[in-house]
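Take a look at the structure set out below.
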Amino acid sequence: MGGASSSSSSPATAGSYSAEAAQALCCACVGQSTVAVEESWGRYDAVLGPGCHFVPWCVGRRVAGYLSLRVQQLDVRCETKTKDNVFVTVVASVQYRALADKAYDAFYRLTNAHAQIQSYVFDVIRASVPNMNLDEVFGQKKEVARAVEEELAKAMTMYGYEIVQTLIVDIVPDEVVKRAMNDINAAARLRVAAAERAEAEKIQQVKRAEGEAEAKYLAGVGVARQRQAIVEGLKRFVPNEKDVMDMVLVTQYFDTIRDIGATSRSSTVFIPHGPNAVRDMAAQVRDGLLQATAGGGGAANLKAL
Numbered sequence: 003m004g005g006a007s008s009s010s011s012s013p014a015t016a017g018s019y020s021a022e023a024a025q026a027l028c029c030a031c032v033g034q035s036t037v038a039v040e041e042s043w044g045r046y047d048a049v050l051g052p053g054c055h056f057v058p059w060c061v062g063r064r065v066a067g068y069l070s071l072r073v074q075q076l077d078v079r080c081e082t083k084t085k086d087n088v089f090v091t092v093v094a095s096v097q098y099r100a101l102a103d104k105a106y107d108a109f110y111r112l113t114n115a116h117a118q119i120q121s122y123v124f125d126v127i128r129a130s131v132p133n134m135n136l137d138e139v140f141g142q143k144k145e146v147a148r149a150v151e152e153e154l155a156k157a158m159t160m161y162g163y164e165i166v167q168t169l170i171v172d173i174v175p176d177e178v179v180k181r182a183m184n185d186i187n188a189a190a191r192l193r194v195a196a197a198e199r200a201e202a203e204k205i206q207q208v209k210r211a212e213g214e215a216e217a218k219y220l221a222g223v224g225v226a227r228q229r230q231a232i233v234e235g236l237k238r239f240v241p242n243e244k245d246v247m248d249m250v251l252v253t254q255y256f257d258t259i260r261d262i263g264a265t266s267r268s269s270t271v272f273i274p275h276g277p278n279a280v281r282d283m284a285a286q287v288r289d290g291l292l293q294a295t296a297g298g299g300g301a302a303n304l305k306a307l
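Heads up: the sequence shown is residues 3 to 307, going by my numbering.
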């Protein structure tokens with residue numbers, strides 16, 4: 003499938019608005035950027051430039067037609083298949099013009115310039131695009147346009163036309179292929195976004211863990227200094243090391259009870275916590291420490307607490 007459209011009037015009819023009146027007066031008026039082809043008794047005689055010319059019809063002379071020298075544009079739509087079996091419609095825009103010094107060839111040797119150009123565009127595009135994948139067609143459209151222009155320049159010069167420029171203005175894949183390409187791009191972007199989001203969450207968790215570890219470390223340092231200060235203060239007023247240790251253990255016990263009650267998500271094992279239970283537990287801890295140090299590490303144990 004394919005088609006062509008032109009943005010200017012046909013060369014054979016350009017400037018013909020005054021032909022009838024001019025013939026009646028034995029003169030021809032040729033407009034700017036236009037030439038007229040004069041015949042004598044049906045044979046080519048001359049090319050008339052812009053201006054008013056005497057053409058006596060009574061002696062067999064007449065204007066056979068007019069040829070525009072303006073740059074014209076022809077848009078050609080060509081449907082073809084790529085190397086990866088995707089049908090695409092390639093839109094080529096060909097800008098061309100007739101040459102004044104080759105007006106004879108442009109007027110007499112070619113009947114329909116549009117059809118001729120369209121045929122060459124179809125031939126080149128359908129020979130080039132099937133050797134490329136779809137992505138390569140989009141990336142190498144300048145090469146395709148250059149190939150079309152070179153082929154047209156060689157073919158149309160003998161007919162008196164100059165190819166000014168050739169552009170590949172659009173490449174339209176099938177609608178199903180376009181949707182698939184959009185889905186692929188969307189999936190790739192979503193994958194990148196998910197990776198970035200996961201990386202951000204990872205950084206947040208690492209920073210949160212580092213902060214929690216630092217907070218626990220500082221809290222431990224604070225508790226250790228607090229207990230050391232308590233022990234040092236008690237040693238000044240309570241000479242018996244056993245009583246100092248009992249008081250420190252009781253203080254730690256009540257601190258633990260307070261921490262358990264401060265949160266609602268603690269997994270807690272309840273034990274007897276009356277005065278007798280506290281005394282028994284303190285005695286057990288103290289006896290264990292004294293036995294482990296063989297009676298000589300009391301001061302070291304107090305310092306460690």
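The beta-carbon is built from N, C-alpha and C at its ideal position, and this holds for glycine as well.
Nearest-angstrom beta carbon gap, residue j and residue i [assumed within contact, 8 Å]
i    : j    : result
P52  : V65  : Their Cβ separation, rounded to whole angstroms, is 13 Å, which puts P52 and V65 out of contact at 8 Å.
R72  : S121 : In fact, because the Cβ distance is near 23 Å, the residues do not count as touching under 8 Å.
P132 : K83  : 6 Å
V88  : T168 : Contact doesn't hold; Cβ gap of about 23 Å is too wide.
V223 : K237 : The Cβ separation is near 21 Å, so there is no contact.
L154 : I165 : 5 Å
A100 : Y163 : 6 Å
C54  : C29  : 6 Å
I173 : V139 : 6 Å
G49  : G67  : One point to set straight first is that residue 49 is Val, not Gly, in the sequence displayed. Between G67 and V49 the Cβ distance is about 11 Å, and since that is not below 8 Å, they are no contact.
M160 : I119 : Not a contact, Cβ separation roughly 13 Å.
L136 : D86  : 6 Å
V250 : R229 : 7 Å
I232 : T258 : In fact, because the Cβ distance is near 15 Å, the residues do not count as touching under 8 Å.
One or two residues paired with residue i in a DSSP bridge
i    : result
V39  : V49 and G67
I317 : Because the chain is modelled from 3 through 307, residue 317 falls outside the range shown and cannot be assessed.
F56  : C29
L101 : BP columns for L101 are empty, so no partner.
L236 : None; L236 has no bridge partner.
Y163 : A100
K83  : F89
T168 : V96
For residue i, three-class secondary structure by DSSP
i    : result
D289 : helix
S12  : Model confidence at S12 stands at a pLDDT of 44, short of 50, so the residue's coordinates are unreliable; what they give is reported in the following sentence. Coil, per DSSP.
V208 : helix
V184 : Checking the sequence shown, residue 184 turns out to be Asn, not Val. N184: helix per DSSP, three-state reduction.
N242 : coil
L192 : helix
M247 : helix
N303 : Any answer about N303 is weak, because its pLDDT of 46 lies below 50 and its placement is not dependable; what the coordinates show is given next. Here N303 sits in helix by DSSP.
T1   : Lying before the first or after the last residue shown, residue 1 is absent from the chain, which here runs from 3 to 307.
G1   : For residue 1 there is no data in the structure shown, the boundaries of the chain being 3 and 307.
L136 : helix
L112 : coil
Q118 : helix
G44  : coil
Q142 : coil
Q230 : helix
Check whether the region 180-194 and the region 122-133 touch, using three or more Cβ-Cβ pairs below 8 Å as the test. no
Meets three-Cβ-pair contact criterion under 8 Å: the region 91-110 and the region 201-212: no
Does the region 139-154 come into contact with the region 89-97, if we say contact requires no fewer than three beta-carbon pairs (one atom in each stretch) closer than 8 Å? yes
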